[in-house]
Amino acid sequence: MTDVLIAGAGPTGLTAGCVLARRGLSVRIVRKHRPFTGHSRASVIWPRALHVMESIGAVDPLVAIGSRVTKVGYYSSGESIGRFELGRLRNTRFTFALGVSQHETEAVLESVFRAAGGEIADAEIVGLEQDDRQVTARLVELGRETRWSGRWLVGADGANSTVRDLLGITMDDVGPGVSFRIADAVVGGLPEDEASYCWTPGGGMAIGPHDRRAYRLAYRLTPDAPDASPDSFQRLLDARGPKRSRGVVRELVSTADFQARFAVARNFSAGRCHLAGDSAHVMAPAGGQGMNSGILDADALARRMVESRRNGASENRLAGYGAERRDAIGKIMATAVEHARDGGLRSDSDIAARDRRYRGMWNDSALHRDRMARLSQLDVDPIRTEGAITA
Ligand SMILES: Cc1cc2nc3c(=O)[nH]c(=O)nc-3n(C[C@H](O)[C@H](O)[C@H](O)COP(=O)(O)OP(=O)(O)OC[C@H]3O[C@@H](n4cnc5c(N)ncnc54)[C@H](O)[C@@H]3O)c2cc1C
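Position 184 of the sequence shown, counted from 1, bears residue number 1183 in the numbering used here, the numbering being contiguous throughout.
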């Protein structure tokens, strides 16, 4: 019997596949869509997820193509209110985040997975049943219905997860939804090693190195927003960006408008089926935590499966996955919701209080480090050694 079927070949499914295949479990990934290049989603891998990438042999190829982000700057009406350094982090050799587009991250993970003997098929999961011995999935592959049976199923099939629906698991909203516009743009004049959040009473803009060529620019979409064009992004950058370094938009590589939600699945597990990544939780991209959280879910779940397979540990060990990750996701969401709220403040008194708070964090070494540990997800998920399971 195959050990694991993974529905989804995004960063979550591929990371789980790499951990499992490299440790000798038989694993098959099915994906509904082939990845499309040209338009990217996540653009930063934080230090905690870089540790996972290192554990599966993916960090060197990623570092070779990504750009190192060593600082996170916060600006209020163009003036600096904090410049937080990843170099202050303790207990990690990754004192940088990596700016790399999601489709490149997926390409690296796919080649690591295939090199470890993993198999990927273009197939859609459309049904499942399970008992205490096995789970059976119904798949549609090249227009034909097939069946797969194995020990466990991972639902890493994204925000509109079929696996989640088939298991009857619902999502709870934990914060207000927001609309965003993003662009990957070639911009001159910006620092290569800093991601920044630029807040003004008229709205904000997030700026970050996206890969070695382009920057990610993002802002909250309002009904009166102009069409996406180099000129409109330039005007917003001039109005909202850091005063000390004027960015010049040279080219828009791609743009996208989308609705983001903050929501968490009621359960991450049902019997032999487990949810991970966007199928278990979705969050707005401010703070860049969505993909990173999925990578850490994948690592936590796959390690529990490896341990269960090797040591015959009871299924309860695996069931602990949901509690562990729901707790971590609750904290990550709280940071992401707080971040979105900080960027949306409009009254003078709220803005003055926020700016004082950020300056205070910046100048206090413990708070400074704590801020970076939260963004890096090092605070919610201790770095694991081989075989280590937390609960
Ligand atoms: C515009 C945009 C910008 C973003 N920016 C950021 C950012 O800056 N930082 C960040 O961390 N996150 C960001 N995110 C979020 C990030 O992209 C997601 O968190 C991440 O893609 C989740 O990965 P995943 O593998 O869980 O799911 P996905 O990447 O959605 O992958 C789902 C996979 O499941 C497959 N699938 C779907 N249904 C089925 C089925 N029935 N059967 C089989 N396979 C199926 C799909 O083909 C795909 O392979 C952004 C998202 C968007 C939309």
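C-beta: ideal position from N, C-alpha, C; glycine also.
DSSP beta-bridge partners of residue i
{"i": "T1014", "result": "Note: T1014 sits in no beta bridge, so no partner."}
{"i": "T1135", "result": "E1128, S1148"}
{"i": "F1232", "result": "Paired residues: none, contrary to the question."}
{"i": "G1098", "result": "V1043, S1066"}
{"i": "H1338", "result": "DSSP, once it has assigned bridges, lists no residue as partnering H1338."}
{"i": "V1029", "result": "A1006, A1120"}
{"i": "W1198", "result": "S1075, G1203"}
{"i": "E1140", "result": "A1122, R1143"}
{"i": "L1274", "result": "G1154"}
{"i": "E1191", "result": "The partner list for E1191 (beta bridge, DSSP) is empty, contrary to what the question assumes."}
{"i": "H1280", "result": "V1263"}
{"i": "P1241", "result": "For P1241, which the question treats as bridged, DSSP gives no partner whatsoever."}
{"i": "A1269", "result": "C1272"}
Residue range of the beta strand (DSSP E) that includes residue i
{"i": "S1253", "result": "1247 to 1264"}
{"i": "E1172", "result": "Note that residue 1172 is Asp in the sequence shown here, rather than Glu. Note, D1172: beta strand (DSSP E), 1170 to 1187."}
{"i": "S1075", "result": "1070 to 1075"}
{"i": "D1002", "result": "1001 to 1006"}
{"i": "L1216", "result": "1214 to 1219"}
Assigned exposure category for residue i - 16 Cβ within 10 Å defines buried
{"i": "E1394", "result": "In the structure as shown, the chain begins at 1000 and stops at 1390. Residue 1394 is therefore absent and cannot be evaluated."}
{"i": "E1140", "result": "exposed"}
{"i": "S1348", "result": "exposed"}
{"i": "G1329", "result": "exposed"}
{"i": "M1304", "result": "buried"}
{"i": "V1003", "result": "buried"}
{"i": "N1291", "result": "buried"}
{"i": "S1375", "result": "buried"}
{"i": "A1114", "result": "exposed"}
{"i": "P1010", "result": "buried"}
{"i": "G1311", "result": "exposed"}
{"i": "T1145", "result": "exposed"}
{"i": "G1104", "result": "The amino acid at residue 1104 is misidentified as Gly; the sequence shows Thr. By the neighbour-count rule (16 or more Cβ atoms within 10 Å), T1104 is buried."}
{"i": "G1188", "result": "exposed"}
{"i": "R1047", "result": "buried"}
{"i": "M1000", "result": "exposed"}
{"i": "E1250", "result": "exposed"}
{"i": "S1042", "result": "buried"}
{"i": "R1373", "result": "buried"}
{"i": "E1323", "result": "buried"}
{"i": "S1075", "result": "buried"}
Through-space distance from residue j to residue i, alpha-carbon basis
{"i": "G1176", "j": "F1257", "result": "11 Å"}
{"i": "G1342", "j": "P1200", "result": "9 Å"}
{"i": "V1185", "j": "A1224", "result": "21 Å"}
{"i": "T1069", "j": "A1339", "result": "22 Å"}
{"i": "Q1101", "j": "R1243", "result": "30 Å"}
{"i": "G1203", "j": "M1332", "result": "20 Å"}
{"i": "R1030", "j": "T1014", "result": "14 Å"}
{"i": "R1356", "j": "L1088", "result": "20 Å"}
{"i": "A1387", "j": "G1270", "result": "Summary for A1387: the model assigns pLDDT 42, below 50, so the residue's position carries little reliability; its value from the coordinates is reported in the next sentence. Distance between the alpha carbons of A1387 and G1270: 23 Å."}
{"i": "R1325", "j": "G1319", "result": "10 Å"}
{"i": "V1125", "j": "A1264", "result": "20 Å"}
{"i": "E1193", "j": "Y1214", "result": "11 Å"}
{"i": "R1353", "j": "V1026", "result": "48 Å"}
{"i": "A1106", "j": "G1207", "result": "21 Å"}
{"i": "E990", "j": "S1268", "result": "Past the edges of the chain, shown from 1000 to 1390, lies residue 990, and the structure says nothing about it."}
{"i": "N1159", "j": "C1272", "result": "16 Å"}
{"i": "M1360", "j": "H1367", "result": "5 Å"}
{"i": "D1296", "j": "G1012", "result": "10 Å"}
{"i": "F1093", "j": "M1052", "result": "11 Å"}
{"i": "S1178", "j": "L1220", "result": "5 Å"}
{"i": "E1123", "j": "I1294", "result": "22 Å"}
{"i": "Q1133", "j": "W1147", "result": "10 Å"}
{"i": "S1364", "j": "A1327", "result": "24 Å"}
{"i": "R1358", "j": "G1081", "result": "6 Å"}
Alpha helix (DSSP H) segment containing residue i, residue limits
{"i": "T1161", "result": "1161 to 1166"}
{"i": "I1080", "result": "Premise fails: I1080 lies in the beta strand (DSSP E), 1078 to 1084, not in any alpha helix (DSSP H)."}
{"i": "D1298", "result": "1289 to 1310"}
{"i": "L1366", "result": "1364 to 1375"}
- Task: Examine the Cβ distances between the region 1159 to 1172 and the region 1057 to 1069 and report whether three or more of them are shorter than 8 Å.
- Result: When C-beta atoms of the region 1159 to 1172 are compared with those of the region 1057 to 1069, fewer than three pairs fall below 8 Å, so the two segments do not count as touching.
- Message: Using 8 Å as the cut-off, can you tell me whether the region 1271 to 1287 makes contact with the region 1150 to 1157, which would need three or more C-beta pairs spanning the two stretches below that distance?
- Response: The answer is yes - the region 1150 to 1157 touches the region 1271 to 1287, with three or more Cβ pairs under 8 Å.
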